[in-house]
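Enquirer:
2 protein chains.
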Amino acid sequence: MKHFGQYCGLARAMELVGERWAMLILRDLAVHPRRYSDLLTGLPGIPTNVLSTRLKELEQNGIVERQIAPAPQRGVVYAMTPAGHSLEPALLALGRWGATQLDDDPRDGEIVTPEAFTMTLRAVFNDDLAAGVDASWQLHSGDIEVYAVVTDGKLDAGVGPGPGDPDLVITFRPDNLPSFRALMQAARCGLVDLTGRRELLDTFIRLFEFRGASA
Amino acid sequence: MKHFGQYCGLARAMELVGERWAMLILRDLAVHPRRYSDLLTGLPGIPTNVLSTRLKELEQNGIVERQIAPAPQRGVVYAMTPAGHSLEPALLALGRWGATQLDDDPRDGEIVTPEAFTMTLRAVFNDDLAAGVDASWQLHSGDIEVYAVVTDGKLDAGVGPGPGDPDLVITFRPDNLPSFRALMQAARCGLVDLTGRRELLDTFIRLFEFRGASA
DNA sequence: CCGAATCCGCAGTGATACTG
DNA sequence: CAGTATCACTGCGGATTCGG
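Top line first, the protein sequences correspond to chains A and B. Start counting the first sequence at 1; every next residue gets the next number (our numbering). Start counting the second sequence at 216; every next residue gets the next number (our numbering).
Set out below in structure tokens:
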């Protein structure tokens, strides 16, 4: 990308990750390493040449790593480098701000991917309310399945079943909720199926209630 | 801008402020309202049509306001709306990350503007160390003049002379320090002229020492 | 099937000239 | 001062094709 000619952190950031689709690729990689075709299906609409160009640029800039996957899947896997992972606070801050600018419901054709959902969980997590909390949830909404594990007030969220048995499984009804906001509303109204320690639903709502774009 | 087709805060953020030059325009407006020509001179290299296009888009999206300036200067002034101001935490987070990716010294042709310098001050400010601090500084480096006022641990930083008399005036020598990093190094080594409460130099260094891209 | 490379039409950008 | 106008160029979107 062409340079902005300013010795400034923001300018450098935009030079490195400001091109079209780059941040969304990084959002997906921030959740877990992914193959080229995983990224393609998780970013409907991205041209294949743009994806491969971005991956090459991000790799060259030390933000993303190209790895040869080990035995079970064998193939190419893209993953964040430490420099890439250190970008996550900025991605979450941008995501929080963007969330305040979202319409109440998805526009025509707008989808929610498991990775977007996971990053939303991380973004809205109320760190300051979580001190001392230990609990784990598994969430089901449509065919999206994500987990959230809070250990000593620190969050680990990802796609799929969590690392251990969840304390509470929350299944949202109806199963095609359009947005995170609607989903939290359903939780508040009890429109959910619960399996496990049902009293942890309130804790979930408290910890993941979106409170605006504060720093 | 074309949409990404995802109902996701990050995607919406990039749709709204992800286009080329947009974040740098917002960085300047986050410091203070500016006229069209101020923005042009503060963003050397931006094409005039791109600036006017961005301003129109940002205005349409409710992030920037076009105001008719009052009596003294009379003319058009662009300013942040509340939605625009709420983007600042994200700009600072990106700037902090980008700062970790900067070379030690500016590349050929890279400049430092007063607005970039001000945003750097805001970005590196160590909030957690500032509890209870009340102090004000005025900084001179070359022809850049900025102020930093800490009131009860909260920072106000801007271009020009501060709102009141500064407790300490710091003038950096040599007067064309290439980077914020070099400037803090000069401060640590005593390569500065001080006027006022000299003991506040240590406080300044402590509060504005860059400690990496932590959230 | 995965992981791209290639080609084309078009929109966004950069540079400069010009105007109310 | 505050923008438009113009035009060459690059990058993106969309589709197809190709090699392992």
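Glycine is no exception: its CB is placed at the ideal position from the N, C-alpha and C atoms. Keep in mind it's a predicted model, so treat the numbers as computed, not measured.
1. What ranges does the beta strand (DSSP E) occupy inside the segment 310 to 363 of chain B, keeping only unbroken runs of at least 3 residues that lie completely in it?
2. Any beta-carbon of chain B closer than 9 Å to the one on S37/A?
3. For the segment 313 to 326 of chain B, which residues have a beta carbon sitting closer than 9 Å to at least one beta carbon of chain A?
4. Quick one: which chain B residues come within Cβ less than 7 Å of P82/A?
5. At a Cβ threshold of 9 Å, is A284/B touching chain A?
6. Evaluate the contact criterion for the segment 330 to 341 of chain B versus the segment 355 to 362 of chain B: three or more CB pairs, one atom per stretch, below 8 Å.
7. According to DSSP, simplified to helix, strand and coil, what is D243/B?
8. I'd like to know whether the C-beta atoms of F340/B and I385/B end up nearer to each other than 9 Å.
9. Use the C-beta contact count for A215/A: other C-beta atoms within 10 angstroms, 16 or more gives buried, fewer gives exposed.
10. List, in order along the chain, the chain A residues whose C-beta lies closer than 8 Å to that of R227/B?
11. In angstroms, rounded to a whole number, what distance separates the CA positions of P285/B and V291/B?
12. I'd like the ranges of any beta strand (DSSP E) spanning at least 3 consecutive residues and lying wholly in the segment 259 to 284 of chain B.
13. Enumerate in chain order the residues of its own chain whose CB-to-CB distance from L91/A is below 8 Å, with the five nearest sequence positions on each side excluded.
14. Give the straight-line distance between the Cα atoms of Y222/B and G233/B, rounded to the nearest whole angstrom.
15. Would you list, in chain order, the members of the segment 19 to 34 of chain A that have their beta-carbon closer than 7 Å to a beta-carbon of chain B?
16. Kindly indicate if chain B contains any beta-carbon less than 9 Å away from that of A215/A.
17. Would you kindly work out how many angstroms separate the C-alpha atoms of R235/B and D167/A, rounded to a whole number?
18. State the DSSP-derived secondary structure class of Y293/B, mapped to helix, strand or coil.
19. Could you tell me how far apart the beta carbons of L266/B and L255/B are, in whole angstroms, since I believe they sit closer than 8 Å?
20. With a cut-off of 9 Å, does the C-beta of S86/A fall near any C-beta of chain B?
21. Measure the alpha-carbon distance for L15/A versus R227/B and round it to whole angstroms.
22. Show which residues of chain B have a CB atom less than 8 Å away from the CB atom of T113/A.
23. Give me, in chain order, the residues of the same chain whose beta-carbon lies closer than 7 Å to that of A83/A; leave out the 5 immediate sequence neighbours on both sides.
24. Quick one: is T263/B near chain A, going by C-beta distance under 9 Å?
25. Output, in sequence order along the chain, the residues in the segment 115 to 135 of chain A whose CB is closer than 7 Å to any CB in chain B.
26. Does the Cβ of P304/B have 16 or more other Cβ atoms within 10 Å, making it buried, or fewer, making it exposed?
Expert: From the atom records:
1. 350 to 356
2. no
3. G313, A314, T315, Q316, L317, D318, D320, P321, R322, G324, E325 and I326
4. Within 7 Å Cβ-Cβ: nothing; P82/A doesn't reach chain B, min ~11 Å.
5. no
6. yes
7. helix
8. no
9. Unreliable placement is indicated for A215/A, whose pLDDT of 46 sits below 50; no coordinate value is reported for it.
10. G98, A99, Q101 and L102
11. 9 Å
12. 279 to 283
13. M23, L26, R27, A30 and M119
14. 16 Å
15. M23, L24 and R27
16. The predicted model places A215/A with a pLDDT of 46, which falls under 50 and marks its position as unreliable; any figure quoted below should be read in that light. Closer than 9 Å to some Cβ of chain B, the Cβ of A215/A qualifies, so yes.
17. 45 Å
18. strand
19. 6 Å
20. yes
21. For clarity, residue 15/A is Glu in the given sequence; the question names Leu instead. E15/A and R227/B: Cα-Cα distance of roughly 20 Å.
22. Q221 and C223
23. G62 and I63
24. no
25. A116, M119, T120 and A123
26. buried
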